[in-house]
Amino acid sequence: MEIKVVEIKLVHGDKPLKALVAIEVGGIIIRDIRVVKENGRRPVVLAPQNSWKGDDGQIRYRTVVTFPDEVKGEIDFVVLKRYIGELEKCNADSTR
Numbered sequence: 120m121e122i123k124v125v126e127i128k129l130v131h132g133d134k135p136l137k138a139l140v141a142i143e144v145g146g147i148i149i150r151d152i153r154v155v156k157e158n159g160r161r162p163v164v165l166a167p168q169n170s171w172k173g174d175d176g177q178i179r180y181r182t183v184v185t186f187p188d189e190v191k192g193e194i195d196f197v198v199l200k201r202y203i204g205e206l207e208k209c210n211a212d213s214t215r
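All residue numbers for the sequence shown refer to the numbering used here, where the first residue is 120 and numbers rise by one.
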């Protein structure tokens with residue numbers, strides 16, 4: 120199954136969210152995949168989520184799409200490869 124990044128938007132700043140990504144998997148477009156990087160950790164790819172406020176006032180999250188492990192691994196690889204490429208391109212542009 121071919122997985123490709125169709126859109127990536129880098130998010131600059133000090134917050135953990137580093138990029139929003141849309142991918143195509145088997146002809147289906149999945150948006151709002153996130154690349155998150157906490158201080159001192161490697162970036163991770165997270166599936167889209169919905170959030171809501173529970174009766175107790177706490178914000179809850181539910182993953183919208185769950186991928187089989189082998190597909191998730193491929194998605195992570197493709198998304199992180201593209202994310203790193205975009206970072207390198209930004210860094211090269213900023214040194215000119």
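All C-beta atoms in this analysis are idealised placements derived from N, C-alpha and C, irrespective of residue type, glycine included. These numbers were taken from a predicted model, which means no experiment stands behind them.
Taking only the alpha-carbon atoms, compute the straight-line gap between Val197 and Lys208 and give it to the nearest angstrom.
Taking the first residue of the sequence shown as position 1, residue 197 is located at position 78. Taking the first residue of the sequence shown as position 1, residue 208 is located at position 89. In this model, Val197 and Lys208 are separated by some 17 Å (Cα to Cα).
Quick one: measure Cβ to Cβ for Leu129 and Lys123, integer angstroms, because I've assumed they're closer than 8 Å.
What you label residue 129 is simply residue 10 of the sequence shown in a count that begins at 1. What you label residue 123 is simply residue 4 of the sequence shown in a count that begins at 1. With 8 Å as the limit, Leu129 and Lys123 do not qualify as a contact, their Cβ atoms being about 18 Å apart.
Neighbour-count burial assignment, Tyr202, 16 or more Cβ in a 10 Å radius:
Within the sequence shown, residue 202 is the residue found at index 83, counting from 1. When all chains shown are included, Tyr202 counts as buried.
Note down the Cα distance separating Asp195 from Gly173, rounded to an integer number of angstroms.
The sequence position of residue 195 within the sequence shown is 76, counting from 1. The sequence position of residue 173 within the sequence shown is 54, counting from 1. Looking at the backbone, the Cα of Asp195 and that of Gly173 are separated by about 30 Å.
What are the start and end residues of each continuous beta strand (DSSP E) run of 3 or more residues lying completely inside the segment 159–192, in chain order?
Whole beta strand (DSSP E) segments, 3+ residues: 163–165, 168–172, 178–182.
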